[in-house]
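Below is one structure, written out as structure tokens, with a few remarks after it.
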Amino acid sequence: MIWQFDIIILIFLVITAVISLRVKDLLAASMVFGTYSFLICLLWAGMGAVDVAFTEATVGAGISAVILIATVYNTRRDSSD
Amino acid sequence: MAEQYPIIVLLVLLFGALFVGLAGMADRRVCFPLTMTALVLAVMVSVGILQRVISGGVIRYFVGGWSRPVGIGIELRIDTINALVLLTITTVGLLTALFSFRRVQEDKTEKTPLFYVLYLLLIMGLSGMVITGDAFNLYVLLEVSSLTSYALIAMGKSRRAAVAAFSYIIMGTIGASFYLLGVGYLYLRTGTLNMMEIHQAILALDGPSSTIVVAFVLILVGLMIKMAFFPLFGWLPNAYSYCPSSTSCVVAPLMTKVGVYVMVRMMLTVFGTEWVFENLQYTQWMVGIAVLAILAGSVMALAQVELKKMFCYLIVAEVGYMVGGAWMANHWGMVGTIYHIMGDAFMTLCMFLAAGIFVKQAGVVRIDQLDGMFRKMPWTMAGFVVGALAMIGIPPTCGFFSKLYLIRGGMESGHWGYVMALLISSLVNAVLFFRIFEIAYFGKKPAEGHGHHVDHSEESVIKEARPSALIPLLATAVIIVLLGLFNSNLVELIERSLQGSEVIGTRALSSKGGLG
Amino acid sequence: MKWVGLIAVIFTGGLLLSAMDDFPNWGDAHSPANASPVSQYYIEKTIEDSGVPNMVTAVLADYRGYDTMFETVVVLIAGIAIMAILRVMNGVPGGARPSPAHEIGDQHDIIIGTTCRLLIPVLQLFALYVIAHGHHSPGGGFQGGVILGASFILTAIAKGLDPALERLPEKRYVKLAFVGVVIYSGFGVACLLLGENFLDYGVLQVLLPTIDAAEARSHSMLGVEVGVAFTVSAIMFAIYANLASKGELEGGL
Amino acid sequence: MSEITSQYLIDHFNFWVAVVLMMIGLYAMITKNNLIKKLIGMSIFQTAIILFYVSAGVKEGATIPILEHHVAETEQVEAGEHAEGHSTTKASSSHEVHAINPDDYSNPLPHVLMLTAIVVGVATLGVALAVSQVIYKNYGTLEEDEILAKIKAAENDG
């Protein structure tokens, strides 16, 4: 894959990971986590791991984010950290 | 048929779980018979495997028939050590299932099928971990057993069960992930996942490789979390004491022991004892931490007032025994460790079965509530006493012989601190259990009027446990004695695998033993 | 706690990075992992052994099918575990009823409803394509199963949990989940009964006389992928349904 | 930046970022107070490990591990029909060795392993979320310190 593309996504990955852990609104954190999953799925598609990327797109960005949001909805949205 | 035994032992448990799930939804009464059938079959098959290993040597089973370049498929590899641990796991599973009979049906009527499905899959996961010869397959089965144990612990009725389960999930995931990462490092350098092939590749590497060292440390730390080794045992006491008795009776004896077994397997088969003990200078450190683990576990156990919590800290100390024994780089240390994996599984089972009966029949949670138990529940106490004597290390129970081997190993390799710690821990166990015996035999002093005195009208209600709970306890006690009586045969079997041609590095083990 | 965490993280990170110099370069085709006989075998012999162009599917369902079976069991365990932990069974007094404010499903939006009605059939069709076409393109039982499960989750989000549960009631999805694993392990047991090792699909050619061993492998792979898809789709919906309704299976988000 | 450093960066950057992500996730798992945050950290930790594995299987210039259709087709064709194209490289072994060059396809094994790891990850996440909902039902909060305070208070009462 094109290494510049690779490096840009990797930097974005770190940024989204940090944001999803620092933002105090859990719904936003779940959404940013979905973005993180989607970015990492792009990265894997670029690396030639298409099956892994497909699984991550469905499982990570899809189901994980949905069940996180379902739990946040049923509990509390704000977090102390 | 007989050559298919390694897979059949897992399939019996898997299909048992599937049928319990499918049929149990329609009629809850079939759950227990199906579970027992599956476990009885599993025990029978594991006896068959043991016989085959004894007569025919190491069994290698290639799933899917993919054997040509070794490593393309998944290999199941059973030597005498695996076969013995496998038999231990299935037997503990069978005894606990019998014990759980009434308990589960009274506790969770609607969730009975779910409990038995998870229970059988837990036993399947542990059995699979023990017999597999593939490093990644071990991870998958580790997750099977971890996920089921999280669920079984979270099913506890106590409010704190969920909190304990959550911290267990976090720690367990860190442990499993470290293991996965370690396997990744190994794969990066060796290009294979088959344990024997990894070993060959490590031997073939020219010069030291920091990747392999880091892989070893990662796997070791991951397994240390899983087996609750000294600094990383924080999750264990809560997780094991707030879950239902029928869960703690299977999780407490098996999870930590299988963790120790996997560590031993990694040291013997994957990395090779020669590499582990001669390339890495961790021996002193690991034995030192093991000494701390033994002392910390014993001291914490002394401080507990709740019975189950006390047993949990004793597990921490016992894990210290085993890790220390394995890391003494000494023949008798390794033998003692493997023998102790089996012995300790049954000793812990005995403790937790007795604790479960006390809770069920008499509502006893704290040690000082045990007064007069010898009079009220003589059979239960008889079983408990055998287990306690084994924990202290009194012949002819297995606890005595494993300590004997471990102490011999410690003396031969010159780890006097470890020997001292072992003796101190035995002393602490003696104090702990004789205190319990005293309370249970003589009752409490009448001066102690405060607190949790059981009403005298209630006291007469306490009666002996039902046969479904008593039989497993007494069977466990008999097994503890039998393991002790036949210790020389078992040791001979263990040595056969240690000296087997495929376990390289026994030379290092025995030569170091001779030097000590 | 912060300090303990920081020390642990710095220590672990340092440990992980300390081996970095020993690593093969990124993208090196001749690193031990990439040039190992195992991975070479997969790339060269997959077509010969089973005629499946997608090596990942072949390795997943055939060479390392034993792993994948337990992976399916892990999914099953997740669903069963969540039901065991969270499900409030009938007759057992549980937590509070969901407050009316949570029942968004009743006031559903016309745009969302219409979009979902258009989207869901396409989604399900695509899921079936992904399951069936996993031999030739990325995809397979897991991905297709998740998409199929997601179509039910979409119904539950758009119309509320109850309409979704009407289509896929609890009894049915639990049964589906178990049946999926039964299908997978059934293929293995069939091989066992025909006298070969577990999951050695080649021997299944005796059941269909017109095919050879490679085709038998290919078809068996499709069979186990269908089993995987059963379990995964049922459990994904089960996870969502239980988590969204606090285990009561009514109301939902 | 010198040529060597930039080459080193490209060669190992993926592994570096994987380790950085792992440490972010691990730090969150250990220190975060909110249980949901811990779980997000756990997922990040797991995906970072997956990134590590996938990076180990990458080959420069290789394509996805799915055989191109014409390669698959040639397998069915008789060996003689296309022998002239490969006659120069024909060796002792069978012809498909020449038709499929392992360097042209990425290593499929890490991909397979990571499919398993992703599924295990979502299974763990689901179970953990279920447990956290039970905790919320029992204690009315998802903050670790508040839960511990409530447990301590309950212990002192009883």
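Chains as they are written, first to last, in the working numbering: chain A, 1 to 81; chain B, 1 to 516; chain C, 1 to 253; chain D, 1 to 158. Idealized CB from N, CA, C, for every residue including glycine. The structure displayed is predicted, hence computed values, not measured ones.
So is residue i in contact with chain A if we call contact Cβ pairs under 7 Å?
i, result
"T124 of chain D", "no"
"T47 of chain D", "yes"
"V131 of chain D", "no"
"I7 of chain C", "no"
"V56 of chain C", "yes"
"E143 of chain D", "yes"
Could you tell me the distance, in whole angstroms, from the CA atom of residue i to the CA atom of residue j?
i, j, result
"P395 of chain B", "V183 of chain B", "41 Å"
"G16 of chain B", "A84 of chain C", "18 Å"
"H331 of chain B", "I341 of chain B", "16 Å"
"Q361 of chain B", "A345 of chain B", "24 Å"
"A61 of chain A", "F33 of chain A", "8 Å"
"A28 of chain D", "I44 of chain D", "9 Å"
"L188 of chain B", "C31 of chain B", "45 Å"
"D206 of chain B", "F23 of chain C", "14 Å"
"K226 of chain B", "L126 of chain B", "13 Å"
"A204 of chain B", "G188 of chain C", "36 Å"
"G96 of chain A", "Y5 of chain B", "This structure cannot settle anything about residue 96 of chain A, because the visible part of chain A is limited to 1 through 81."
"M286 of chain B", "Q205 of chain C", "54 Å"
"S425 of chain B", "S298 of chain B", "6 Å"
"G79 of chain C", "G21 of chain B", "12 Å"
"V47 of chain B", "K257 of chain B", "20 Å"
"M114 of chain D", "G73 of chain B", "16 Å"
"L154 of chain C", "L490 of chain B", "58 Å"
"I7 of chain C", "L15 of chain C", "12 Å"
Taking only beta-carbon atoms, is residue i less than 7 Å away from chain D?
i, result
"F33 of chain A", "yes"
"A65 of chain A", "no"
"A28 of chain A", "no"
"V174 of chain C", "no"
"T16 of chain A", "no"
"I82 of chain C", "yes"
"V130 of chain C", "no"
"Y150 of chain B", "yes"
Let me make sure I understand the geometry here. Which of the options has the alpha-carbon closest to that of residue i?
i, options, result
"N429 of chain B", "B:L314, B:R68, B:G409 and B:F136", "B:L314"
"M69 of chain C", "C:G227, C:T115, C:S245 and C:V146", "C:G227"
"V335 of chain B", "B:I294, B:I131 and B:K403", "B:K403"
"L152 of chain B", "C:V182, C:S185 and C:I82", "C:I82"
Is the Cβ of residue i closer than 7 Å to any Cβ of chain C?
i, result
"Y105 of chain D", "yes"
"M23 of chain D", "yes"
"V20 of chain B", "no"
"L114 of chain B", "yes"
"E75 of chain B", "no"
"I7 of chain B", "yes"
Are there 16 or more other CB atoms within 10 angstroms of the CB of residue i, so buried, or fewer, so exposed?
i, result
"P237 of chain B", "buried"
"A77 of chain B", "The displayed chain sequence assigns Arg, not Ala, to residue 77 of chain B. R77 of chain B comes out buried."
"I118 of chain D", "buried"
"A127 of chain C", "buried"
"E155 of chain D", "exposed"
"D49 of chain C", "buried"
"S488 of chain B", "exposed"
"S124 of chain B", "Sequence inspection shows Met at residue 124 of chain B; the Ser mentioned does not correspond to that position. Buried."
"T114 of chain C", "exposed"
"S55 of chain B", "exposed"
Taking 7 Å as the CB-CB limit, is residue i close to chain B?
i, result
"L199 of chain C", "yes"
"V181 of chain C", "yes"
"G85 of chain D", "Any reading at G85 of chain D needs caution, since the residue's pLDDT is 42, under 50, leaving its predicted position unreliable; the model's value is listed next. Not closer than 7 Å to any Cβ of chain B, the Cβ of G85 of chain D fails to qualify, so no."
Taking a cut of 7 Å between CB atoms, which residues from the region 220-245 of chain C lie near chain A? M236, I239, Y240, L243 and A244
task: Could you name the residues of the region 58-70 of chain C whose beta carbon sits closer than 8 Å to any beta carbon of chain B, in the order they occur along the chain?
output: D62, Y63, R64, G65, Y66, D67 and F70
Residues, ordered as in the chain, of the region 34-61 of chain A that lie near chain C by beta-carbon distance below 7 Å: V50, D51, F54, T55, T58 and V59
Along the region 31-42 of chain C, what residues have a CB closer than 7 Å to any CB found in chain D?
-> A33, N34, V38, S39, Q40 and Y42
Selection of the region 33-61 of chain D by Cβ proximity to chain C, strictly under 7 Å | S55, A56, G57, V58, K59 and E60
Interface residues of the region 9-31 of chain C facing chain D [CB-CB below 9 Å]:
V9, I10, T12, G13, L16, L17, M20, D21, F23, P24, N25, W26, G27, D28, A29, H30 and S31
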